[in-house]
């Protein structure tokens, strides 16, 4: 998907909501287990109930991979029913030496036809570059994550800057860095201001709203730019709002709450 | 596999060789394409030709993942024919927030029954801890990698130490850190000496011997400890020694050369 198209979709829907498909067989409503493919059925009903509210969908690859072949089948079927107007993100956090990253890029951009994939920065430019080569495909680099362990290394200071700032500053110098987006954990919303000074134009994928804490209003206030420039992700708070037969309806209600919180930022 | 067993296997075979199964359909001998599952057939012949020379085998997961379902099938079949005495490493470079890393750990330790998996450290302790929880399973944390991009972040200095040193020092404080091994790129063999001062006992997985440069003798000289403590990986130099029907034989010859270079370090 082009950047232009993504922005247009956001403008039309008045939403920067990304729904994370962290579909866990242990957590989905029990009545779905009667279906041939419970994971796909769950995803299908979630997508049908929320597709007009979200602009992006983010399957968490670990949840499919851990089911073996059947999980990859569920993922593949899910990708086929996501409307064209929705930006698709493989939350895979891959990254390896160049020839290997090229294989991961092929997997997610060609075989599963995702618009974007999340990538870990630790191994540096040649581990990211194979992803960046794809036109109109997006590489979402981990910068500041929302988990407790983010404090272990991402804030290490080197020459007056935290590691995550080095990751941002260095990566925007890479070839095709226009194809980069960044993961910025919402639990540190006040830092978005500083991050916007370094990357005013890039899109940020913000996890950590909902189950992990962080508010939509704060993220929008500090993170939005003239092209919106944000995708706010919520996973568990939407997916598992109910464990009953009303799960899709309740998921919609949760998604709607978040979209309502975004609305003030779409006034022109 | 227990540490004791791994050490015993090394002692018996007088080898610390790990063979990386970076099996690329584009690179394997053309006559194998007539088989139902060329990737599996290639792996099978490589393993049959080298199993007495290596103590570990390391499928590079990207190469299987990029083939979709058929790749995962080839991987699964490959795992079933690797002898019990060989330590198996999923070179997957995974790592995500806790509940997601738990899924990745399940995938590689339970579904595919690997002895070890490579993990990226960027997201900190809760992204690694789910892997460490498995008894007699091993988490091989990226510290210093052998690719050009390793210079981008791994050498950033913070309080007098490089990032990769912080990764090592911090991670050995984590619960169950006895289940850790570390990736240390062989192109920096002289640094092994310094690294051994921080982690005298842990096993190191050393890539970058062979196609990526670095010598076995240097790695052994600086990296070996009383329990050997090293696994030296070679992938392309062994797998693709020949593109003809003699590929397995030639692979054996390449493996044998490396084992010969290791021999002097097994004198008692």
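Protein chains in written order, with the working numbering: chain A, 1 to 268; chain B, 1001 to 1268.
Glycine is no exception: its CB is placed at the ideal position from the N, C-alpha and C atoms.
Since this is a predicted model, take the numbers as computed values, not measurements.
- Message: Could you check whether the region 1152–1170 of chain B touches the region 1097–1115 of chain B, counting it as contact only if at least three pairs of C-beta atoms, one from each stretch, sit closer than 8 Å?
- Response: Verdict: no, contact absent.
- Query: For the putative contact between residue 1020 of chain B and residue 1091 of chain B, defined by C-beta atoms under 8 Å, what is the C-beta separation to the nearest angstrom?
  - Reply: 7 Å
- Task: Would you please state the rounded distance, in angstroms, between the beta carbons of residue 1089 of chain B and residue 1047 of chain B? I believe it to be under 8 Å.
- Result: In this structure residue 1089 of chain B does not touch residue 1047 of chain B by the C-beta definition: roughly 14 Å separates them, more than the 8 Å allowed.
- Helix, strand or coil: which one does DSSP assign to residue 73 of chain A? The answer is helix: DSSP assigns residue 73 of chain A an H, G or I state.
- Go ahead and pull the three-state DSSP assignment for residue 126 of chain A. helix
- Contacting positions in the region 1135–1162 of chain B - beta carbon closer than 8 Å to chain A: 1142, 1145, 1146, 1147, 1148, 1149, 1150, 1151, 1152, 1153, 1154, 1156, 1157, 1158 and 1159
- Query: Between residue 1016 of chain B and residue 1264 of chain B, what straight-line distance do the alpha-carbon atoms span, to the nearest angstrom?
  - Reply: Cα atoms of residue 1016 of chain B and residue 1264 of chain B: separation of roughly 12 Å, rounded to the nearest angstrom.
- Task: List the whole-angstrom C-beta distance separating residue 182 of chain A from residue 204 of chain A, where the pair is believed to meet the contact cut-off of C-beta under 8 Å.
- Result: 5 Å
- Message: Contact defined as beta carbons within less than 8 Å: I believe residue 1206 of chain B pairs with residue 1223 of chain B. What is the distance between those atoms, to the nearest angstrom?
- Response: Rounded to whole angstroms, the Cβ separation of residue 1206 of chain B and residue 1223 of chain B is 7 Å, and the two are in contact under 8 Å.
- Item | Proximal residues of chain B, C-beta to C-beta of residue 233 of chain A below 9 Å | Going along chain B, no residue has its Cβ under 9 Å from residue 233 of chain A, so there is no contact; the nearest lies around 12 Å.
- Should the region 1119–1131 of chain B be regarded as contacting the region 1092–1100 of chain B, the criterion being three or more beta carbon pairs within less than 8 Å? The region 1119–1131 of chain B, when compared against the region 1092–1100 of chain B, does touch it at the 8 Å Cβ threshold.
- Task: Could you say which of A:151, A:2 and A:73 lies nearest to residue 84 of chain A if we only look at CA atoms?
- Result: A:2
- Which chain A residues are close to residue 1043 of chain B, counting only those with a beta carbon under 7 Å from its beta carbon? Here the premise fails: no neighbours, minimum Cβ distance about 16 Å.
- Taking residue 1068 of chain B as the query, report the chain A residues whose CB atoms sit under 9 Å from its CB, ordered along the chain. Residues of chain A passing the Cβ test: 72, 76, 107, 111 and 112.
- Task: Mark residue 53 of chain A as exposed unless 16 or more other C-beta atoms lie within 10 angstroms of its C-beta, in which case mark it buried.
- Result: buried
- Using beta-carbon positions only, say whether residue 1037 of chain B and residue 1076 of chain B come within less than 8 Å of one another. no
- Message: For the region 1028–1061 of chain B, list every residue whose C-beta sits within 8 Å of some C-beta in chain A, in sequence order.
- Response: Within the region 1028–1061 of chain B, the residues whose Cβ lies closer than 8 Å to any Cβ of chain A are, in chain order, 1060.
- Does any residue of chain A bring its CB to less than 8 Å from the CB of residue 1080 of chain B? no
- Task: Would you mind sorting residue 1146 of chain B into buried or exposed? The rule is 16 or more other CB atoms within 10 Å of its CB.
- Result: buried
- Message: Less than 8 Å between the beta carbons of residue 248 of chain A and residue 49 of chain A, yes or no?
- Response: It is a contact, given that the beta carbons lie within the stated cut-off.
- is_contact[residue 122 of chain A, chain B] using C-beta, thresh 8 Å: yes
- Reduced DSSP secondary structure (H/G/I, E/B, other) of residue 79 of chain A: helix
- Beta-carbon neighbours of residue 1127 of chain B, restricted to chain A and to distances below 7 Å: 147 and 149
- Using 10 angstroms around the beta-carbon of residue 136 of chain A, count the other beta-carbons present and answer buried if the total reaches 16, otherwise exposed. exposed
- Considering only C-alpha positions, which residue in the set A:25, A:239 and A:12 is nearest to residue 250 of chain A? A:239
- Task: Compare the C-beta of residue 100 of chain A with all C-beta atoms of chain B and state if any pair is closer than 8 Å.
- Result: Contact with chain B is found for residue 100 of chain A, since one of that chain's Cβ atoms lies less than 8 Å from the residue's Cβ.
- Run through DSSP, which three-state label would residue 133 of chain A get? coil
- Determine, using beta carbons only, whether residue 87 of chain A comes closer than 8 Å to chain B. no
- Kindly identify the DSSP beta-bridge partner or partners of residue 1225 of chain B. B:1228
- Query: What whole-angstrom Cβ distance do residue 160 of chain A and residue 120 of chain A have, given they're in contact under 8 Å?
  - Reply: The pair is not a contact, with the Cβ atoms about 24 Å apart (cut-off 8 Å).
- Query: Do residue 1199 of chain B and residue 1232 of chain B have their CB atoms nearer than 8 Å?
  - Reply: no
- Query: For the putative contact between residue 229 of chain A and residue 202 of chain A, defined by C-beta atoms under 8 Å, what is the C-beta separation to the nearest angstrom?
  - Reply: 7 Å
- Query: For the region 1197–1211 of chain B, which residues have a CB atom closer than 8 Å to at least one CB atom of chain A, in sequence order?
  - Reply: none
- Query: DSSP beta-bridge partners for residue 1169 of chain B?
  - Reply: Looking at the DSSP assignment, residue 1169 of chain B forms no beta bridge with any residue, so it has no partner.
- Task: Have a look at the DSSP bridge pairing and note the partners of residue 20 of chain A.
- Result: Bridge partners of residue 20 of chain A: A:58.
- Message: Suppose the cutoff is 7 Å on Cβ atoms and the five residues either side in sequence are ignored; what does the same chain contact list for residue 65 of chain A look like?
- Response: 71.
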